[in-house]
Every structure is written in structure tokens, then in C-alpha cells.
Amino acid sequence: ERFRPEAGEAGRVRIISDASLTPKNVIVVDDIFDTCTSLVKVVEAVRAFAPGARIFAIGTHGYFSKDSAEQVAKMVRISGLEWVAVTNCISTRMPLQKFRTLGVEDRLKIVDISRLLAGAIIRIHLGASVNLPKFRQLGPLSPDPLLDEAAFVPTSQYTLRGAASLAPAAESH
368 ERFRPEAGEA
378 GRVRIISDAS
388 LTPKNVIVVD
398 DIFDTCTSLV
408 KVVEAVRAFA
418 PGARIFAIGT
428 HGYFSKDSAE
438 QVAKMVRISG
448 LEWVAVTNCI
458 STRMPLQKFR
468 TLGVEDRLKI
478 VDISRLLAGA
488 IIRIHLGASV
498 NLPKFRQLGP
508 LSPDPLLDEA
518 AFVPTSQYTL
528 RGAASLAPAA
538 ESH
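Here the numbering used here runs 367 ahead of the position in the sequence shown, where the first position is 1.
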């Protein structure tokens, strides 16, 4: 658990676990990896708590500013961080270059979410819900019938029928 006692104050890390369990794999989840200061603190705390655990980090946004790539490379060497996974919701070109320069590009995993975003955008454009169980179950590589069909139908030729299907617009005479 990571928390900030007061706004602007440095965050603190506290491990909450069943002491009778020794974790073999630990997944650190965060919304953004920017300076990676929090990630370093969490990885160090996990390493102290479970020295033999494999550590993985997952975040939505991989911004990696300042010397964060160096911090990750250091954690790979010293703390045994296996890899860091982020989505491509922001450009990954610069982080990949930084990781490559440090020789740890294989430790940065990029998850392509472009099809998920495109599916959400087309559903919103059509007035359909993105909160349907079928849509929520889609993964980055899952086929999306609505998106696949929309890719081949000009927008002037379809209307929404129901909440999740494209139907050709009725021809008017």
C-alpha cells in the first residue's frame, strides 16, 4: 500500500500481507510511471519483505521522465525487477529509446490498446454503450465484431440498431 499522509508530502509504503505466506510473484500496479520514485520505494519494500519473489510492474501510462529509465535499469540489476508493462496510450518512442540505450529494452513491455480505444470511440460515436459485458471482456487482441464491421462500412451507410450492432441504413427512394 502506498499513501501520502498529507498533500505534497512524500509518499510512504507499507506492505500488507498474511505473514504466513511467502509470495513467489509480486505484481506492482500503478496508474503512471513518471519519475518512478514510488516504484523504486515499492520494489525495495517488496524485496525486503520477500527476498525471493519475482517482481513485475504494470501501469497504464509509461511517461518515464527525468532519470526514470535509469531507475528501472538499476532495479532490474539490484532488485531483480523482471519487467515493467505499460500501454501505448501515450507515445512509447522516447521511453523505448531510453531503455534501449541502457540495454534493458527487453524489460519494457508495451501493451497495444489501440483496438480497445477504437472500439470505445466507435461505440460512443454510434450512441452505443461501452459498458456492455461483451465489450468489457475484450482484450487488446480480441476480435471486436462492431469495430471490424465498421472498418469496412462508410459512416454515411450505417445506423445503430439495438445497442451493439451495425446495420446498413435503409435506402430512401
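Don't be surprised by glycine CBs; every beta carbon is placed ideally from N, CA and C.
Between the C-alpha atoms of Gly-419 and Leu-448 there is a straight-line separation of about 11 Å. Leu-475 sits away from Leu-493, with the two beta carbons spaced by 8 Å or more. Rounded to whole angstroms, the separation of the alpha carbons of Asp-397 and Pro-500 is 25 Å. Nearest Cα to Gln-438 within the set Ser-458, Gly-470, Glu-368, Arg-460: Gly-470. At the C-beta level, Ile-477 and Thr-459 come within 8 Å of one another. Runs of the beta strand (DSSP E) spanning 3 or more residues and lying entirely within the region 440–522 occur at 448–454, 475–478, in chain order.
In the structure shown, Thr-404 falls within a helical segment according to DSSP collapsed to helix, strand and coil. DSSP places Ala-417 outside any beta strand (DSSP E), giving it a letter other than H or E.
With respect to the 8 Å criterion, Ile-394 and Ile-425 are classified as neighbours on the basis of their beta carbons.
By the C-beta density criterion, Arg-490 is buried, having at least 16 other C-beta atoms within 10 angstroms. In this structure, the alpha-carbon of Gly-486 lies about 9 Å from that of Asp-515. Under the criterion of beta carbons closer than 8 Å, Ser-446 and Ile-422 qualify as touching, at roughly 7 Å.
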